[in-house]
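Visitor: Right, I'll just put the structure down here and ask away after.
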Amino acid sequence: MRQRPTPPSPARKRWIDDWRPDDPAFWRQGGRRTALRNLLVSMTTQHLGFAVWLLWSEVAVSLPAAGFHFTVDQLLWLTALPSLLGSGLRLPYTFAVTRFGGRTWTAASAALLLIPTALLAACVSNSGTPYWMFLAASATAGLGGANFASSMAHVSFLYPGKHRGLALGINAAGGNLGVAVVQLAVPPVITATTGIHLAWAGLMWIPLIIATATAALLWTDNFTEANTNPRAYKEVLSHKDTWLTSALYLGTFGSFIGFSAALPLLIQTQFPEAHASYFAFLGALTGSAARPVGGWLADEHGGGKVTIAALTGVIAGVVAVIEALAEHSFALFLAAFLWLFITTGIGNGSTYQLIPRLYPTKQQSAAAIGIIGAIGGLGGFLITSAFAASLHDGGGLTPALTICCAYYAACLAITAKRFRRS
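All residue numbers for the sequence shown refer to this note's numbering, where the first residue is 308 and numbers rise by one.
Here is the structure:
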């Protein structure tokens, strides 16, 4: 008598053991639909993560008006710490996807966003909250930044090789848009009634976080194939191009995050008469929109060539910002920063396009995403902390911008020497 197959345990019901996206028949007969469902939920989670990650960029601007008398460099540190923790957690988050499964970790990483939003609301609800507690609360917003690594690692296993770059680009762009959304949505919410109610900057996200975590449990899957053994990380870490690509991503993605975090405060402090910090969302919006364009251009013309052009544009943009500060021209300052966001966005896409070409296997690609993403995210901390230190020393923003310009020139030299033909 033939024995009936044992039904899967409840813990295994949402695991997919047979996943062959590179098989055309498998892809047509349901594979594409499953991948798209997972991509959409993963992108939504990452979008929410980016919004929480950059939440303090808007909250810091309103703290003085709410009665918290911090210096400008103290406020910039509140926007810098989320990038530090976020970059530090990206590698563990990449491991978490392969250890617990994409569905499990997508839901868990979404639920963890309740921590920074609740802590923010608690801090601003008490006028006697000490500065160190603000620092601790702002650092936990880095949980949102870490989402990028786990989301990208999950998506990297979903799609066939010829579509993987596009899927990763769409996922990343959807996440990056969360920066623009938080900078556009928070100001009207906290000023909807008389006075400033900063607690709502955190509380407004809680229903969305719960809904997203629930959606992940209902509509995403764990994939047995999504496992990255330690050998893949060892191979990637020993690859010279890993460190070169990380340096480029530090300059492109790191700049996008750093400029996004700092811009509202920079507008308010350098051009207080303009009353125009609400324009800051335009930077993140244009940078997010430019990212997939950079990926497309890289597919057409080569990632190295597009990255060279993007970095050249970034250097020109920094020079324009320095000139705008010297002339005290807000119009030039805003235009130059929008140009910086466009060029760093294109550089994000073109640099990321190099990864699947440098690391042919899915396991190596997922490991590289975690490592390069962690180093790239650190740029957000370095830029905002450089602005804070530069202002604290009384030198204005020019010293920090000059250092940035020198780093971009070094990245340009690296790209021209190693990746020109990539």
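From the three backbone atoms N, C-alpha and C, an ideal C-beta is built for every residue, glycine too.
On a Cα-Cα basis, can you pick out the residue from ARG397, ASN529, PRO706, LEU505 that is closest to LEU284?
Guide: What the structure shows of the chain is the stretch from 308 to 729, and residue 284 is not part of that stretch, so it cannot be assessed.
Visitor: I'd like the list of long-range same chain contacts for THR736, defined as Cβ closer than 8 Å, with 5 residues on each side in sequence excluded.
Guide: Examination of residue 736 is not possible in this model, given that the chain is present from 308 through 729 alone.
Visitor: Going by beta-carbon coordinates alone, are ALA280 and TRP360 separated by less than 7 Å?
Guide: What is shown of the chain runs 308 to 729, which leaves residue 280 out entirely.
Visitor: Tell me which same chain residues have a C-beta within less than 7 Å of the C-beta of ALA587, skipping the five on either side of it?
Guide: Once the five neighbours on either side are set aside, the close Cβ partners of ALA587 are GLN490, LEU570, PRO571, ILE574.
Visitor: Suppose contacts are defined by Cβ-Cβ distances below 7 Å. Is GLY561 in contact with GLY702 by that definition?
Guide: no
Visitor: Go ahead and pull the three-state DSSP assignment for PHE375.
Guide: coil
Visitor: Go ahead and label ALA318 buried or exposed: buried means 16 or more other beta carbons lie within 10 angstroms of its beta carbon, across all protein chains shown.
Guide: Because the pLDDT at ALA318 is just 48, under 50, the model does not fix this residue reliably, and the point stays unresolved.
Visitor: Grab me the residues of GLY356's own chain with a C-beta within less than 6 Å of its C-beta, minus the 5 sequence neighbours each way, in chain order.
Guide: GLY451, ASN454
Visitor: Suppose you measure from the CA of ARG309 to the CA of SER416; what does that come to, to the nearest Å?
Guide: Unreliable positioning characterises ARG309 in this predicted model, as indicated by a pLDDT of 41, which lies under 50. A coordinate reading is not provided.
Visitor: Hey, quick one: how far does the alpha helix (DSSP H) through ASN454 stretch, first residue to last?
Guide: Unbroken alpha helix (DSSP H) run through ASN454: 449-463.
Visitor: Report buried or exposed for HIS635, applying the criterion of at least 16 other Cβ atoms within 10 angstroms of its Cβ.
Guide: exposed
Visitor: Helix, strand or coil for ASN534, going by three-state DSSP, please let me know.
Guide: Three-state DSSP puts ASN534 in coil, outside helix and strand.
Visitor: If I measure Cβ to Cβ from ILE564 and keep anything under 7 Å in the same chain, skipping five residues before and after, which residues do I get?
Guide: SER390, GLY684, GLY686, GLY687
Visitor: Can you find the residues in the same chain that come closer than 6 Å, C-beta to C-beta, to SER553, ignoring five residues on each side of it along the sequence?
Guide: These residues qualify, in order along the chain: ILE679, ILE682.
Visitor: Alpha carbon to alpha carbon, what distance is there between ALA372 and SER349?
Guide: 36 Å
Visitor: Beta-carbon within less than 7 Å of LEU465's beta-carbon, same chain only, minus the 5 sequence neighbours each way: which residues are those?
Guide: Its chain contains PRO328, ALA342, ASN345, LEU346, ALA474 as the residues whose beta carbon lies nearer than 7 Å to that of LEU465, once the 5 sequence neighbours on both sides are disregarded; these appear in chain order.
Visitor: Straight-line CA distance for CYS712 to VAL628?
Guide: C-alpha separation (whole angstroms): 11 Å.
Visitor: Tell me which residue opens and which closes the alpha helix (DSSP H) that GLU659 is part of.
Guide: The question names Glu, yet the displayed sequence has Tyr at residue 659. 637-665 is the span of the alpha helix (DSSP H), which, as asked, contains TYR659.
Visitor: Specify the secondary structure class of ASN478 as computed by DSSP and reduced to three states.
Guide: In the structure shown, ASN478 sits in a helix (DSSP, three-state: H, G or I).
Visitor: By DSSP, does TRP322 sit in helix, in strand, or in coil?
Guide: strand
Visitor: Considering only C-alpha positions, which residue in the set LEU661, LEU362, THR413 is nearest to PHE530?
Guide: THR413
Visitor: Beta-carbon separation of ALA508 and VAL493 under 7 Å?
Guide: yes
Visitor: Can you tell me whether ASN433 is helix, strand or coil according to DSSP?
Guide: coil
Visitor: Could you check whether the region 606-615 touches the region 668-677, counting it as contact only if at least three pairs of C-beta atoms, one from each stretch, sit closer than 8 Å?
Guide: no
Visitor: As a quick exercise: from VAL379, SER364, SER457, pick the residue whose alpha carbon is nearest that of ASP700.
Guide: Distances from the CA of ASP700 to each of VAL379, SER364, SER457 were compared; the closest alpha carbon is that of VAL379.
Visitor: Taking buried to mean at least 16 other C-beta atoms within 10 Å of its own C-beta, is ALA336 buried or exposed?
Guide: Correcting the residue identity first, residue 336 is Gln in this sequence and not Ala. Counting of Cβ neighbours within 10 angstroms places GLN336 among the exposed residues, the total staying below 16.
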